[in-house]
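A.B. asks: Here the sequence shown is numbered in full-length UniProt numbering, starting from 1 and rising by one per residue. One structure is given below, represented as structure tokens, and several questions about it will come after.
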Amino acid sequence: MQSLGQNEGSQPCPQGCCPTLLFNPAPPQSQNTTTKPRNSSAECRHSFVATTSSYIFPNTKFTNHESLPSLHESFGEFKKVYPQYSETDQVDHLRAKEYYHLSFSNQSCLDYIGIGLFSYYQRQHHHDTSKTQLASSSTPLSPPQYSDIPFFSISYKTGNLKTLLLHGGQESEFESAMKRRIMKFLNISENDYFMVFTANRTSAFKLVADSYPFQSSKKLLTVYDYESEAVEAMISCSEKRGAKAMSAEFSWSRLRIQSTKLRKMIVSKRKKKKKRGLFVFPLHSRVTGARYPYLWMSIAQENGWHVLIDACALGPKDMDSFGLSLFRPDFLICSFYKVFGENPSGFGCLFVKKSAITTLESSSCAGIVNLVPDRFLRQSSEDKCSSGNCKQKPLSSLQDQELSSLNSFSGRIQTSQALKVEEESCELQVMVAPAEAKGGSGSVEAKEVVERHQNKKAQDGENGGFNIECRCLDQVDSLGLTMITNRTRYLINWLVNSMMKLKHPNAAGEPLVKIYGPKVKFDRGPALAFNVFDWKGEKVEPVLVQKLADRNNISLSYGFLHHIWFADKYSEDKGKVLQTKEGRGQGLTSNKKKDRDKLGVTVVTAALSFLANFEDVYKLWTFVARFLDADFVEKERWRYTALNQKTIEV
């Protein structure tokens, strides 16, 4: 085992995030030795990587899944390497109390991206309370079930984004309260930004594409190492409006940004006339976990670009360290889902800087929504029935028809290749304290109900108000950025390092797993892109890995890496790994840009939420290790056929 240098780790990391194993007192040094000053931050990062690589299964390779250490043994070693992980025990207590369904179902949810609004306990408690109030004394008790009753719904509407931003619109007190809560959580000032609720992430991107002045600012430059459904929709819409779409490229196989090429696309050659356009920048990849330098935002702004920040893949408290007041992007998009591990549907949020509103064009846009409290809808339904007209379609059914082309933006990350993407319900369930509300807007029916309610309130002289309890947001605020970041940092790096220890038992000792993007790294994101290879070196299809994982109570996703640049020394790899999204054409290369853009690498993806624990990553590791058995896939096929379940297609 390699030992660390004498001077390494002599000063603790100022953030308290590096393993204390690094900070053992250094041996006494000679008086003649001069100590050179060093950057403590760089030192911490270097020491973190060195410790993770040297102290987790040192000089070990696993060639048989049965030889893996037990969960108890592995966790013990994990805490020795990362003793500060114990300081995040508060998350485990929170998970046990508020998200106990994860333990009951024994499910490891590694497919959620975004930020949750509510806890499972909160949902269940509300459902049980309502059930108790409605049930008669003779009603037999039954086990608690997840409530399908919406606490508010999304009312879909078509409107003009610019007009809405300039003049505002009818907004209920409920919507105002929800906006204030979200903007406070994200540290976004209402004085600087206007917030719009959108049906999902895709609709938020399309809203910007429909309103941005591509006739005068023709460039659209995106920085994504994976295929994003929302971004593809934006590109398609923008090109129809005259935009010239461009993309950054990423070096194989660490998938770092090709800096020279990107700078050439951003920087204007003409000093007098800056080329303008829209620069779409994710702060990090939601598939590979690669984090990108914020410097690119500054370079783009200095060269006359409008900047759109995609914050959908950020950790729950990452906006605390973003420095929004420093970069001040023109647009920012994020997403929220309902309950972690239970319901990934939700809504999107588009933030527009007020000084950028005048640059937009007026156009009719789909995707803007209102949040309509459930009791308004119930009252509307009751009034309709009392008048003898009970044949109206529920609002959610209308939404399903109107938004059938808009796919999920948060929660599980999947591409169209994965089960053709599960269509997301536009219905959202929220905890609302029993209090009266002011007016709102949305569909005609919702407006009628709101108007009746406003009249009633005026007659009664009540002071209405909503007390919205978003318990998951409250919990994240209480945990704080440091605890959440440190916890996911330890877990993801342990997983990456452990994956690389799995080797096939042949003479060559070929690795079982190929990881794309950053490997062990201090500031990598909590997402991982990988593929499994059999002993012959052939890739196991990501869809198959996902299905088998699901049958083992592990929820994974898969994606499609693209815009990959290969250096000359990797020309052989280029011919082997590139294929179409559908898995066809492996080994094809092309000189045409359109054809090149269609080629990439399908990968399995795992994402860690702030609620992830060591057992989750250990389960994934031991599951992947089972592919060391050459007959594992065939055994699984026969196993589930024998249990009268659907045969897995290989």
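Using N, Cα and C, we set each Cβ at its ideal position, and we do this for glycine too.
#1: What residue from Met195, Met234 and Ser54 has the CA that sits closest to Phe205's CA?
#2: Under 7 Å from any heavy atom of the ligand ADP, does the C-beta of Gly323 make it?
#3: Applying the criterion that 16 or more other CB atoms from any shown protein chain within 10 Å of the CB defines a buried residue, is Ser103 buried or exposed?
#4: So what's His306 in DSSP terms, helix, strand or just coil?
#5: Are the beta-carbon atoms belonging to Val352 and Phe185 less than 8 Å from one another?
#6: Can you tell me where the alpha helix (DSSP H) with Gly76 in it begins and where it stops?
#7: For Gly575, does the three-state DSSP call read helix, strand or coil?
#8: Assuming contact is defined by CB atoms lying nearer than 8 Å, are Asp111 and Ala607 in contact in what I supplied?
#9: Let's test the definition: count the other Cβ atoms within 10 Å of the Cβ of Thr202 and tell me whether it reaches 16, buried, or not, exposed.
#10: Could you check how far apart the C-beta atoms of Glu239 and Ala245 are, in whole angstroms? I think they sit under 8 Å.
#11: Would you say Phe347 and Phe197 are within 8 Å of each other, going by their C-beta atoms?
#12: Whose CA, out of Asn613, Arg596, Thr488 and Asp568, lies closest to the CA of Leu578?
#13: May I have the straight-line CA-CA distance separating Asp477 from Thr485, to the nearest angstrom?
#14: Using 8 Å as the limit for Cβ to Cβ distance, is Lys574 near chain E?
#15: Determine contact between the region 540–552 and the region 496–516, defined as no fewer than three beta-carbon pairs at a distance below 8 Å.
#16: With H, G and I counted as helix, E and B as strand and the rest as coil, what does DSSP make of Phe560?
#17: My understanding is that Phe614 touches Phe75, with C-beta atoms under 8 Å, so please give their C-beta distance in whole angstroms.
#18: According to DSSP, is Val339 part of a helix, a strand, or is it coil?
#19: In or out: Pro293 buried (at least 16 other Cβ within 10 Å) or exposed?
#20: With a cut-off of 8 Å, do at least 3 Cβ pairs link the region 628–639 to the region 555–568?
#21: In the DSSP assignment, what residue or residues form a beta bridge with Ala245?
#22: Expressed to the nearest angstrom, what Euclidean distance is found between the alpha-carbon atoms of Leu495 and Val223?
#23: For the alpha helix (DSSP H) containing Pro542, name the first residue and the last one.
#24: Measuring straight from C-alpha to C-alpha, what distance separates Glu66 and Val603?
#25: Return helix, strand or coil for Tyr294, following the three-state DSSP convention.
#26: Could you tell me the boundaries of the alpha helix (DSSP H) in which Ile484 lies?
#27: Residues bridged to Asn200 by DSSP?
#28: Can you confirm whether the region 56–72 touches the region 302–312 when touching is taken to mean that 3 or more C-beta pairs between the two stretches lie within less than 8 Å?
#29: Do you know how far the Cα of Ser86 is from the Cα of Gly480?
#30: Helix, strand or coil: how does DSSP classify Ala606 here?
#31: Check whether the region 513–522 and the region 279–291 touch, using three or more Cβ-Cβ pairs below 8 Å as the test.
#32: Can the beta-carbon of Val339 be found less than 8 Å from the beta-carbon of Gly114?
#33: Would you please state the rounded distance, in angstroms, between the beta carbons of Phe530 and Pro373? I believe it to be under 8 Å.
#34: For residue 657, count neighbouring C-beta atoms within 10 Å of its own C-beta (all shown protein chains included) and say buried if the count is 16 or more, exposed if not.
#35: Excluding the five sequence neighbours on either side, which residues of its own chain have a C-beta within less than 8 Å of the C-beta of Phe78, listed in chain order?
#36: Under three-state DSSP, which class holds Phe174?
C.D. replies: In short, the structure shows the following:
#1: Ranking the options by Cα distance to Phe205, first place goes to Met234.
#2: The model on display carries no ligand, and the ligand ADP is accordingly not part of it.
#3: Exposed, by the Cβ-count rule.
#4: His306 sits in a strand when the DSSP states are folded into three classes.
#5: By the CB criterion at 8 Å, Val352 and Phe185 fall outside the cutoff.
#6: Boundaries of the alpha helix (DSSP H) around Gly76: Leu71 to Val81.
#7: Correct three-state label for Gly575: helix.
#8: The Cβ atoms of Asp111 and Ala607 lie closer than 8 Å to each other.
#9: A residue is called buried when at least 16 other Cβ atoms come within 10 angstroms of its Cβ; Thr202 meets this threshold and is buried.
#10: Beta-carbon to beta-carbon, Glu239 and Ala245 are separated by about 6 Å, close enough to satisfy the 8 Å threshold.
#11: Result yes, Cβ atoms of Phe347 and Phe197 sit closer than 8 Å.
#12: Answer by Cα proximity: Arg596.
#13: Rounded to whole angstroms, Asp477 to Thr485 spans 13 Å at the Cα level.
#14: In the structure shown, chain E cannot be found, because there is only a single protein chain.
#15: Under the Cβ criterion (8 Å, minimum of three pairs), the region 540–552 does not count as touching the region 496–516.
#16: Residue state, collapsed to three classes: strand.
#17: With 8 Å as the limit, Phe614 and Phe75 qualify as a contact, their Cβ atoms being about 5 Å apart.
#18: DSSP, read as helix, strand or coil, puts Val339 in strand.
#19: Pro293 is exposed by the Cβ-count criterion.
#20: Flag = no, the region 628–639 and the region 555–568 do not touch.
#21: According to DSSP, which records beta bridges pairwise, Ala245 is partnered with Leu220.
#22: Roughly 26 Å separates the two Cα atoms.
#23: Looking at the DSSP string, the run of the alpha helix (DSSP H) that includes Pro542 is Pro542 to Arg551.
#24: C-alpha of Glu66 to C-alpha of Val603: approximately 26 Å in a straight line.
#25: Tyr294 falls in the coil class under three-state DSSP.
#26: Residues Leu481 to Met499.
#27: The partner list for Asn200 (beta bridge, DSSP) is empty, contrary to what the question assumes.
#28: Per the Cβ contact rule, the region 302–312 is not in contact with the region 56–72 (fewer than 3 Cβ pairs under 8 Å).
#29: So the two alpha carbons sit approximately 16 Å from each other.
#30: Reduced to three states, the DSSP call for Ala606 is strand.
#31: Pairwise C-beta distances place the region 513–522 in contact with the region 279–291, as three or more of them are shorter than 8 Å.
#32: No; because the gap between Cβ atoms is not below 8 Å, this pair is not in contact.
#33: That pair is no contact at about 43 Å.
#34: The question about residue 657 has no answer, for the chain in this structure spans 1 to 650.
#35: Result list for Phe78: Ile56, Tyr85, Tyr490, Trp494 and Phe614, in chain order.
#36: The answer is helix: DSSP assigns Phe174 an H, G or I state.
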